Amino acid sequence: MNKQWIALNMPITLEMKTTDPEEMKLAVRYWAMSETGEFVEKVMDLVPFRDITHSGTLAAHVRTWCRAYDENLTCRDCGTYLEVTSRSAVKKFPQQSPWPCPECKKTRERQEREARAAEAEALERELSAYRAQLPSGPIDYTQLSDDHALLLLALNVALSPRLGSAAFSVNDCTALAPLDVGAFIDKLEMAHAIREAPLDAMPGTYFLRDGELMFHTRALSYRLTPDIHLGANDEALSLLIEREYADASALFNLWLDFATADAMRYFFDKCTAFNHDLDAKQYSEVRSTLREALKTLSVSQVWFVAWKCVKDAASLARLVYYTEERATATLPGKVRRTLEKAEKEGTVIRKWDRPDHQPSGALGMLFTELFGIDEDTPGADVLALLNASRAEHCEPQNAMLPPEAVRRWLCEALANDTGPQMLERFAGLIRDGYDVDGAVHALLAPTPTSSAAL
Ligand SMILES: [Zn+2]
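Residue numbers for the sequence shown, in the working numbering: 793 to 1246.
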């Protein structure tokens, strides 16, 4: 059908779809406007028309007979007149529509699709180049330093049982330590014990900003680097359980990192509870002070100092001539002075209990299981305990109670989360009259149902 355009003496143009003269005439009457922009006829005066008796349904019929374009309403992209479907949508003054005409809308959508596709292609290109330069080969687990090996073992416990089989992100590793999990993961990546796995990352992890590849750190995915002989599996990870941990200096530094995380987590929580909003520089100052203190004190003593200082600062904030901000600013100095005063005067700082909501994490558990170090062990004794462990390795194996076997047994209980069953069997044997050595030997002996694993 040929389009028939009707220009009225008003800002509405009609495109007729019907050829019925009466329908055309009624459509014109429906849209007719006076010079002042008022509709000439009331809708209710236009009915009845044939079988249309209700004025409320007339607009829908008129829409089937013609399209109406409002000359006062133009497309913001191409300037064409936009279609109006009811009298109330007609504009009294010339203006641009907030949305484009259907043709321009299609054009915009196509352009957006093309831009998205081009961006995805550019991202894939950058990401592919990035992937190509990431480390890819296996490593020799026996060449890992003791601190990296212990950290990897802790990660295996924290992610049990999927470290060897699946990708993970920093957010999956919260069971590793009370704080600083990202820093521990970075340490393992630097040691090539784990590696970034872009192909396993969630969509949106990597993106382009001004053409440069960026990523959301917490969303990065990692995978275990395979051992050169055994691959990335439980057998390879068992090397970490069986090895002799003898580098006391490296292990002491790892313990300091862990103890600082354990102390800072408590400090963070107390600051939040007492409404102290420290800035990054202030936190960093406190962190350095606590790390230094932990070389002699225990984590539980440092918790006490943190609690006392945070509480004192909160009291200050309540004084009329103090503000929250000024009271908070005293915290780094207060922590440092409290520790210096205690050291100078030889005061024995009391120990604070571990908060229920702050478990020591897999790394803390391993320090306890392997070396007998926990939150109450003064830093001054930690190095000695680590050195004692080395001496133990150098001595001939105790025939009655081989420490290596016990260590492996405890680690496996941790890794497999069978600690409760293990303790229950141990207690049962003691109740049956075994002494400690005998009970341990009985537990270590292979059974028909479970071999070395417990
Ligand atoms: Zn347009």
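For every residue, glycine included, the Cβ atom is placed at its ideal position computed from N, Cα and C. Bear in mind that the values here come from a model prediction, so they are computed numbers and not experimental data.
Taking the alpha carbon of residue i as the point to measure from, which residue in the options has its own alpha carbon closest?
{"i": "G1023", "options": "F976, Y822, Y933", "result": "Y933"}
{"i": "M1157", "options": "M825, A950, C867", "result": "A950"}
{"i": "E1036", "options": "T1160, A941, L1000, R1079", "result": "A941"}
{"i": "T1052", "options": "E1034, A824, S1076", "result": "S1076"}
{"i": "K834", "options": "D843, A819, R842", "result": "A819"}
{"i": "V839", "options": "F1059, Y822, S1181, H1008", "result": "Y822"}
{"i": "Y1014", "options": "F1007, A989, T997", "result": "A989"}
{"i": "T966", "options": "G1153, M816, S1080, R868", "result": "G1153"}
{"i": "S920", "options": "G829, Y998, L968, R859", "result": "Y998"}
{"i": "L1235", "options": "V1198, L1206, C1203", "result": "V1198"}
{"i": "V1127", "options": "E1137, K1103, V882, A1180", "result": "K1103"}
{"i": "E1132", "options": "T1088, W1201, E906", "result": "T1088"}
{"i": "R855", "options": "E904, R842, W891, M816", "result": "M816"}
{"i": "R1001", "options": "S1107, G1138, A1038, A912", "result": "A912"}
{"i": "P970", "options": "Q1213, P1151, L1162, R1217", "result": "P1151"}
{"i": "N1025", "options": "L955, F1218, S878", "result": "L955"}
{"i": "R1200", "options": "V1232, A1219, N1179", "result": "V1232"}
{"i": "L915", "options": "F1007, C893, A860", "result": "F1007"}
{"i": "H984", "options": "S937, G1003, H1021", "result": "S937"}
{"i": "E1084", "options": "R1110, D1061, F1050", "result": "F1050"}
{"i": "P886", "options": "S928, G1125, G829", "result": "G829"}
{"i": "E814", "options": "R842, D1039, R902, A910", "result": "R842"}
{"i": "E1117", "options": "D972, F1096, F1066", "result": "F1066"}
{"i": "G1125", "options": "K1073, D1061, T805", "result": "K1073"}
{"i": "Y873", "options": "L968, P803, L1215, I1020", "result": "P803"}
{"i": "P927", "options": "E981, T849, D837", "result": "E981"}
On the DSSP bridge assignment, give the partners of residue i in chain order.
{"i": "V876", "result": "A860"}
{"i": "Y998", "result": "F1007"}
{"i": "T1160", "result": "Its beta-bridge partners do not exist; DSSP assigns none."}
{"i": "Q887", "result": "L865"}
{"i": "R987", "result": "R1015"}
If the criterion is Cβ atoms closer than 8 Å, does the pair residue i and residue j meet it?
{"i": "N948", "j": "L1029", "result": "yes"}
{"i": "S1296", "j": "T1169", "result": "What the structure shows of the chain is the stretch from 793 to 1246, and residue 1296 is not part of that stretch, so it cannot be assessed."}
{"i": "F1059", "j": "A1098", "result": "yes"}
{"i": "A1055", "j": "V1112", "result": "no"}
{"i": "A946", "j": "L1123", "result": "no"}
{"i": "D862", "j": "C896", "result": "no"}
{"i": "G1164", "j": "L1175", "result": "no"}
{"i": "S880", "j": "L865", "result": "no"}
{"i": "L1043", "j": "D1166", "result": "no"}
{"i": "L1046", "j": "L943", "result": "yes"}
{"i": "P1018", "j": "P930", "result": "yes"}
{"i": "I986", "j": "L1016", "result": "yes"}
{"i": "A993", "j": "A975", "result": "no"}
{"i": "S1092", "j": "K1143", "result": "yes"}
{"i": "H1068", "j": "A1105", "result": "yes"}
{"i": "C858", "j": "E918", "result": "no"}
{"i": "A851", "j": "S878", "result": "yes"}
{"i": "S952", "j": "A1219", "result": "no"}
{"i": "Y922", "j": "L991", "result": "no"}
{"i": "R900", "j": "P892", "result": "yes"}
{"i": "C1101", "j": "T1130", "result": "yes"}
{"i": "L1086", "j": "L1048", "result": "yes"}
{"i": "E904", "j": "I1033", "result": "no"}
{"i": "L1070", "j": "T1120", "result": "yes"}
{"i": "E1161", "j": "L1221", "result": "no"}
Whole beta strand (DSSP E) runs in the stretch 823 to 858 with 3 or more residues, listed along the chain? none
Length-filtered (4 minimum) alpha helix (DSSP H) runs lying within the stretch 1106 to 1153: 1116 to 1121, 1123 to 1137
Extract the residue ranges of the alpha helix (DSSP H) inside the stretch 899 to 962, only unbroken runs of 4 or more that lie entirely within it. 938 to 951
Going residue by residue through the stretch 1005 to 1034, where are the continuous alpha helix (DSSP H) segments of at least 4 residues, counting only ones entirely within it? 1026 to 1034
Run the Cβ filter for me: residues under 6 Å from any heavy atom of ligand 1, listed in the order they occur in the chain. C867, D869, C870, T872, P892, C893, E895, C896
Please specify which runs of the alpha helix (DSSP H), each continuous and at least 4 residues long, are wholly inside the stretch 1027 to 1098, giving them in chain order. 1040 to 1065, 1072 to 1085
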